[in-house]
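Here is the structure we will look at, set down as C-alpha cells.
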Amino acid sequence: MHRLFVALRPPSEMRDTLLAAMGGIENARWQSAEQLHCTLRFIGDVDRPVAEDVEAALGSVRFPGLDLALSGVGAFGADGRRKAVWAGVSPHDQITKLHKKIDQALVRAGLAPERRAYLPHITLARLNRSSGAIDRFLADQARLASPPYRFTHFLLFRSTLGSDGATYEAIARYALEPAAAAG
Numbered sequence: 001m002h003r004l005f006v007a008l009r010p011p012s013e014m015r016d017t018l019l020a021a022m023g024g025i026e027n028a029r030w031q032s033a034e035q036l037h038c039t040l041r042f043i044g045d046v047d048r049p050v051a052e053d054v055e056a057a058l059g060s061v062r063f064p065g066l067d068l069a070l071s072g073v074g075a076f077g078a079d080g081r082r083k084a085v086w087a088g089v090s091p092h093d094q095i096t097k098l099h100k101k102i103d104q105a106l107v108r109a110g111l112a113p114e115r116r117a118y119l120p121h122i123t124l125a126r127l128n129r130s131s132g133a134i135d136r137f138l139a140d141q142a143r144l145a146s147p148p149y150r151f152t153h154f155l156l157f158r159s160t161l162g163s164d165g166a167t168y169e170a171i172a173r174y175a176l177e178p179a180a181a182a183g
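Each residue of the sequence shown is one higher than the last, beginning at 1 in the UniProt record's numbering.
Structure representation (C-alpha cells):
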C-alpha cells in the first residue's frame, strides 16, 4: 500500500520563515524543513495499480504557476482540543482552483471526490494536548507573512508513518505552466 498526497513544496526562503516562527508550545511535534508542505489533495492508502493511475491522472492537470505568500496562523480543532497549528497561504482563489482541478483529475481516475472544505495552509506542528501556550503562539505569530514566491510545480508524495512521525518522499513532479507573456 502507498499512502499518498499531492502538495506544493515551499521554497527554502519560505521554509526558513516558517522554521523561525516555530516554538513556544510545550509537547508540540514541530515539522522539520523536509516535512513542510501545502497539501493540495490527500489521497490516502492505495495499492500499486491505483497509485499508477493517480500518477497518470495528475500528469493531465494543466494550470498556471502560482505566486503565494504566507498569511497569518491558525489552529485546527475546537478550543479545548486543538490538534495542529498552521500558517496560512494566500491568495486563496488560485490555489483553490488548482485543488479543484487536481480533485477532478483524481475523480476521473476512480478516486472518491474530496468532501472536506479546502483551506490552504502549511502545518507547523501537531499537538498531543492543548495548552494556553497555543493562544500565545497564535497571538505572537498572527502577523506571520512573507513576500509572494513563485510555485512552478506540484508534487505527488508518499508518506511513511513511523515512531518519530511521518517522512515524506516526493515520487513525481508536475510542472505548472509559465505565466502568459504580457502582450
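Virtual Cβ for every residue (Gly too), placed ideally from N, Cα, C.
Predicted model, so just to flag it, every value in this text is computed and none were measured.
Note: histidine 121 is bridge-paired with Gly88 in the DSSP secondary-structure output.
Ranked by how close their Cα comes to the Cα of threonine 39, the residues Leu111, Pro120, Leu138 have Pro120 in first place.
The straight-line gap separating the alpha-carbon atoms of leucine 124 and proline 147 is approximately 19 Å. Contact between leucine 4 and alanine 57 is absent: CB atoms are separated by about 12 Å, not below the 8 Å threshold. The C-beta of histidine 153 has fewer than 16 other C-beta atoms within 10 Å across all chains shown, which makes the residue exposed.
Annotation for threonine 39: the continuous beta strand (DSSP E) segment containing it runs 38-46. Residue environment: alanine 117 is assigned as exposed (fewer than 16 neighbouring CB atoms within 10 Å of its CB, all protein chains considered).
Linking glutamate 52 to valine 6 through their CA atoms gives a straight-line distance of about 14 Å. The C-alpha of arginine 48 lies about 31 Å from the C-alpha of glutamine 94.
By the 16-neighbour rule on beta-carbons within 10 angstroms, proline 10 is buried. Buried is the label assigned to leucine 66, since at least 16 other Cβ atoms lie within 10 Å of its Cβ.
The C-alpha of glycine 88 is placed about 28 Å away from the C-alpha of serine 163. Burial is judged here by how many other beta carbons sit within 10 angstroms of a residue's own beta carbon; arginine 129 has fewer than 16 and is exposed. With respect to the 8 Å criterion, leucine 138 and alanine 84 are not classified as neighbours on the basis of their beta carbons. Around the Cβ of phenylalanine 42, a 10 Å sphere holds fewer than 16 other Cβ atoms; the residue is exposed. In the three-state reduction of the DSSP assignment, leucine 68 falls in the strand class. DSSP lists Leu66 as the bridge partner or partners of phenylalanine 151.
Here DSSP, grouped into helix, strand and coil, assigns leucine 176 to coil.
Annotation for arginine 3: the continuous beta strand (DSSP E) segment containing it runs 2-8. Annotated three-state conformation of isoleucine 95 is helix, per DSSP.
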